[in-house]
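Reading through the structure tokens given below for one structure.
4 protein chains.
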Amino acid sequence: MNNLSNAKSEDTRNRIFQAAAELFANYGFERVSIRQICEAVGVQKPTLYYYFKDKETLILEMIRFTQQIVQTVRKDYVDCKTDFLEKIRGLLYGRKYFVETYPHFFRFYAMLHLFSTTEKVRAEMITLMLPLLDEFGAILVQGQEQGYIAPDEDLEMLMQTILGTLNGLSMRKFVFQEEAAFSDENLQRVFDFWQKHLFLNPKKRG
Amino acid sequence: MNNLSNAKSEDTRNRIFQAAAELFANYGFERVSIRQICEAVGVQKPTLYYYFKDKETLILEMIRFTQQIVQTVRKDYVDCKTDFLEKIRGLLYGRKYFVETYPHFFRFYAMLHLFSTTEKVRAEMITLMLPLLDEFGAILVQGQEQGYIAPDEDLEMLMQTILGTLNGLSMRKFVFQEEAAFSDENLQRVFDFWQKHLFLNPKKRG
Amino acid sequence: MNNLSNAKSEDTRNRIFQAAAELFANYGFERVSIRQICEAVGVQKPTLYYYFKDKETLILEMIRFTQQIVQTVRKDYVDCKTDFLEKIRGLLYGRKYFVETYPHFFRFYAMLHLFSTTEKVRAEMITLMLPLLDEFGAILVQGQEQGYIAPDEDLEMLMQTILGTLNGLSMRKFVFQEEAAFSDENLQRVFDFWQKHLFLNPKKRG
Amino acid sequence: MNNLSNAKSEDTRNRIFQAAAELFANYGFERVSIRQICEAVGVQKPTLYYYFKDKETLILEMIRFTQQIVQTVRKDYVDCKTDFLEKIRGLLYGRKYFVETYPHFFRFYAMLHLFSTTEKVRAEMITLMLPLLDEFGAILVQGQEQGYIAPDEDLEMLMQTILGTLNGLSMRKFVFQEEAAFSDENLQRVFDFWQKHLFLNPKKRG
DNA sequence: AATGAATGAGCATTCATTCAT
DNA sequence: GATGAATGAATGCTCATTCAT
């Protein structure tokens, strides 16, 4: 009974969470009302408040959940690789996985929502993003160590270039609704472009 | 008399316009109420409605105004140049000018607002953005003709890389509040990076 | 010039008047805004206020104008007749003329608007209606004198019956949109019914 | 618990309903604001919206409620009688009961509000009124069968005459605020007038 | 004779949220 | 674990009206 009850409860909570994510992703935080979320789930408003303190909490929990996805993805697609180029490739395919598996949650991660939200939400997102940037910086240093990046390279620019393109791809998918944005062909094209323009071929060394 | 009246009227209208732009830029369209705008300007609500049909019209007019800025900037910073590299440099400095002169309006141009707005607004912005992408494509072709870009280059990737970086700079300024994002030093750094990684040195021709 | 100006002025005033009458008749006093009237006429709001003190004045003037119609009609269709039955017939055809010539103004005369308006308006209408009822009473007395009505007839009931039917006809036309309500055939039918049921044949006298 | 809650809820809902009816009856639909209704009841605006979707719904529910009254009255005062004259008398006393028991709701039934309302409301009222007219027609046919009405009588005119008088009485009460309009003496007077002028004495019976 | 610009007061409606149950 | 009933505050928007010109 406890289990059942727990399961049911967890289910309700999760249904609210998912519905809210989808609605927020489609219409933006401000344009979605508690009522709409509840209608989508089929519960009454006090039920939502039973699980989530208030509307802002909902979005904060979403950001944290998203952050877990990001970390898992990073672990599975980037950290487990040793070769720098494989990490870079993992970056692309990890984003693809994220964007296709959790499309609603992706939007909260995407920097794009930093505009037009509460200061609290903004702060939370920045807090979560900065370490990611640092980690990415570390990867680039590894790239240098592995000889894929020249020692005198401007790493900051390199980072900006790569992240800018990643975000560009996301925009093509979500804003311009270009379905092929994350197709394997396109990702390969991006990878080729990067390899050709941004990275060295370390084999020469040997 | 006519002049005075016109001037006064134009002034009121413009003050509403500017105040709305600033508020929208800071808090987002949904979180700014008509009342707030009016209080910021010091007029009553019907006055705002005298000049603007409704709230959505306000934002649509802002988008169009922004579009004019974009076009003017492009003319002054890019189109008037002949050398491809100068055009690219103009792209950077034009963006700097835009971002620093009309910071509020920049946000409407930035893709960032494409999320979480009315479908009407979204449609309007996409309509305005697509030709800009085309024009930029044409510039890259010129770059090829001038020998700055290899004939077999993947122009689409090149475009995405450059625009992604531009948007990244804007994000650094507006989201991370990094004032130096558009400093001359930084722009030069970006330019150097591009020149080194993305463009050829056409002197070989001669 | 004075004449011209006067004429033009009178014209504007009249156009406002007519447009307001039509709109009021169609949608009711409360649901028609000054703006709507002005848009229908093609003038600005202060112009309306130049001719009419306020919205209530507009409707009061309409009531008075309507009253003039009523009086003219009564003169032309009833008073000029000497035979009682001709007066009654005139009542029917006068109403027909009114209803078809000034359909918009008829509605203000019709008691129907006594509901749901300002107390001032209500009072004005009652003031204007009471004498009409008196006059009609006098006609019935004439009918008695001419032998069309029995000396012991309940004149009040008679009046109520006739007026009730007249109003019923108007309702059929305006509420149920029954075009034939005031057709000559129908009026004749009403007249026949009255003659048969309500009035005597005075010829017996002679 | 359920009962208590239900009772309380039903009470609030009903208080809103009654207050709205009274206000609408006195001032007309357009001139009564949601706020006024709420103040009269002593609840906040969202409470009203909890029970009624919007203002138009309020009036539509009122019309339907009124229609139920009408049907009950008809059943109790007219349908249960067998003699035609008793039905006619029931018509008068049923109207009296209605007008005196539910004065506010009477006004919605009275045709008078057909003017100057939403098309939706108008349509609803017409839909509800037409069958009533038909039923009344059937009663007149029964009158014919019982010998109170000549076989060649113009039944339509007869109906119009009777209904016109009924409406006239209502007008005297509500517009001219003549309290005696529905006094027993007056109703008897009406009945006598009808009997004398409109109906036969079905000698066959005796 | 006519208007452009402005307003104070009010509208219907919706918001996020709470409390007793 | 869930809800029916209620609310204070705010929303976008419109009203009749005025004043200087």
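Chains as they are written, first to last, in the numbering used here: chain Z, 197 to 402; chain R, 197 to 402; chain D, 197 to 402; chain C, 197 to 402. Glycine included, each C-beta is placed from N, C-alpha and C at the ideal position.
For chain R, is any of its Cβ atoms less than 8 Å away from the one on residue i?
| i | result |
| --- | --- |
| I233 of chain Z | no |
| I259 of chain Z | no |
| Y298 of chain Z | no |
| R291 of chain Z | no |
| V146 of chain Z | For chain Z, the structure presents residues 197 to 402; residue 146 of chain Z sits outside this window and is missing. |
| G339 of chain Z | no |
| K265 of chain Z | It should be noted that the sequence gives Ile, not Lys, for residue 265 of chain Z. Judged by the 8 Å Cβ criterion, I265 of chain Z is not in contact with chain R. |
In the structure shown, what three-state DSSP assignment does residue i receive?
| i | result |
| --- | --- |
| Y298 of chain C | coil |
| L278 of chain D | The question names Leu, but residue 278 of chain D is Thr in the sequence shown. Coil at T278 of chain D, not helix or strand. |
| D350 of chain C | coil |
| F220 of chain D | helix |
| F395 of chain Z | coil |
| A319 of chain Z | helix |
| I335 of chain R | helix |
| T208 of chain D | helix |
| G402 of chain D | Confidence at G402 of chain D is low in this model, with a pLDDT of 44, below 50, so its placement is unreliable and the value that follows should be read with caution. Of the three classes helix, strand and coil, the one that applies to G402 of chain D here is coil, per DSSP. |
| A377 of chain Z | helix |
| F225 of chain Z | coil |
| T357 of chain R | helix |
| I284 of chain D | helix |
| T243 of chain C | helix |
| Q340 of chain R | helix |
| V269 of chain R | helix |
| M197 of chain R | Low confidence applies to M197 of chain R: its pLDDT is 45, below 50, so where it sits in the model is not reliable enough to give any reading. |
| F304 of chain C | helix |
| V386 of chain D | helix |
| F213 of chain C | helix |
| T314 of chain D | coil |
| I345 of chain C | coil |
| F261 of chain D | helix |
| F370 of chain R | helix |
Taking only beta-carbon positions, decide if residue i is within less than 8 Å of chain D.
| i | result |
| --- | --- |
| H393 of chain C | yes |
| F372 of chain C | yes |
| R285 of chain C | no |
| F389 of chain C | yes |
| L333 of chain C | Going by the sequence as given, residue 333 of chain C is Gly instead of Leu. It does not; no Cβ of chain D falls within 8 Å. |
| M197 of chain C | Because M197 of chain C carries a pLDDT of 45, less than 50, the predicted location of this residue cannot be relied on, and no value is offered for it. |
May I ask which residues mark the beginning and end of the alpha helix (DSSP H) holding residue i?
| i | result |
| --- | --- |
| D250 of chain D | First-last for D250 of chain D: undefined, no H or E at that position. |
| R231 of chain R | I230 to V237 |
Would you mind giving the Cβ-Cβ distance between residue i and residue j, rounded to the nearest angstrom? I have them listed as a contact below 8 Å.
| i | j | result |
| --- | --- | --- |
| Y223 of chain D | L281 of chain D | Incorrect: roughly 40 Å between the Cβ atoms, too far for contact. |
| K316 of chain D | E252 of chain D | 6 Å |
| E383 of chain R | L288 of chain R | Looking at the sequence itself, residue 383 of chain R is Leu, so the reference to Glu does not match. Contact holds; Cβ gap of about 5 Å. |
| T208 of chain R | V239 of chain R | 7 Å |
| G360 of chain R | G286 of chain Z | Contact doesn't hold; Cβ gap of about 19 Å is too wide. |
| F294 of chain Z | I335 of chain Z | About 17 Å separates the two Cβ atoms, so there is no contact after all. |
| F301 of chain D | T357 of chain D | In fact, because the Cβ distance is near 26 Å, the residues do not count as touching under 8 Å. |
| Q342 of chain Z | E349 of chain Z | Contact flag wrong, Cβ pair sits at about 13 Å. |
| I212 of chain Z | V237 of chain Z | 5 Å |
| A216 of chain R | I233 of chain R | 5 Å |
| V386 of chain C | M353 of chain D | 6 Å |
| F378 of chain D | E296 of chain D | 7 Å |
Could you tell me whether any Cβ in chain C is nearer than 8 Å to the Cβ of residue i?
| i | result |
| --- | --- |
| I255 of chain D | no |
| V269 of chain D | no |
| G402 of chain D | Note that G402 of chain D scores 44 on pLDDT, short of 50, meaning its location in the model is unreliable and no value can be drawn from it. |
| P398 of chain D | no |
For chain Z, check one thing: does any of its Cβ atoms lie closer than 8 Å to the Cβ of residue i?
| i | result |
| --- | --- |
| G343 of chain R | no |
Between residue i and the ligand ATP, is the CB less than 7 Å from at least one heavy atom?
| i | result |
| --- | --- |
| L365 of chain R | Absence of the ligand ATP from the depicted structure is noted, as is the absence of any ligand whatsoever, leaving it without description. |
Positions along the region 212 to 246 of chain C whose CB lies within less than 8 Å of some CB in chain D:
Y223, G224, F225, E226 and R227
The region 345 to 362 of chain R: which residues have C-beta closer than 7 Å to a C-beta of chain Z, in chain order?
D350, M353, Q356, T357, L359, G360 and T361
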